[in-house]
Amino acid sequence: AVSEAYPLGRKALQLQARALKLPKLHPADLVAPPPKAASASELTVPFPAAVDLIADSLAVVHPSIGEFVQEMAAQKWIEARSGSKKAPGAYCTRFAKSRNPRVYMSAYKGSYSQVSTLA
């Protein structure tokens with residue numbers, strides 16, 4: 001299933017290189033923020049849209065992975081509320097008794113960097 005997604009990944013990287021006006025991407029370009037739209041001061045992704053984007057992307061690898069991401073969001077197993085004592089980033093854990101995973105993330109504000117961290 002992963003090898004079937006190679007052409008899609010290559011196409012995405014080619015489009016990213018073109019958007020950045022580069023002949024070829026450097027490894028550091030893989031984490032570069034997307035180009036900004038001319039009319040937008042900053043591009044943001046609302047949390048539900050970020051979950052959908054991540055689920056749809058992972059469903060290409062296998063549909064059950066995308067479904068699991070949606071289940072985690074529906075069950076509120078992803079915690080991304082604002083808090084003054086939260087450090088940047090995210091981590092994942094599970095509870096031994098219920099064996100349900102949890103993702104704890106610092107305040108989600110919709111940047112593409114935070115979408116990447118959430119993924």
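Just so we're aligned: 67 in our numbering is position 67 of the sequence shown, and the numbers increase by one with no gaps anywhere.
The C-beta atom is built at its ideal place from N, Cα and C for all residues, glycine as well.
These numbers were taken from a predicted model, which means no experiment stands behind them.
- When Cβ pairs closer than 8 Å are counted between the two stretches, the stretch 72–79 is seen not to touch the stretch 6–26, the count staying below three.
- In the DSSP assignment, Val2 falls outside any alpha helix (DSSP H), carrying neither H nor E.
- If you check the CB distance, Ala107 and Gly83 come in under 9 Å.
- In chain order, Ser106 place their CB closer than 8 Å to the CB of Pro88, counting only its own chain and leaving out the 5 sequence neighbours on each side.
- In the three-state reduction of the DSSP assignment, Pro48 falls in the helix class, which pools H, G and I.
- C-alpha of Leu25 to C-alpha of Lys97: approximately 45 Å in a straight line.
- Between Val103 and Leu20, the alpha-carbon positions lie close to 32 Å from each other.
- The beta carbon of Ser111 is closer than 7 Å to those of Thr44 in its chain, skipping five residues each way along the sequence.
- In the DSSP assignment, Arg102 forms a beta bridge with Thr93.
- Counting of Cβ neighbours within 10 angstroms places Val69 among the buried residues, the total reaching 16 or more.
- In this structure, Ala50 lies near Leu118, with their beta-carbon atoms less than 9 Å apart.
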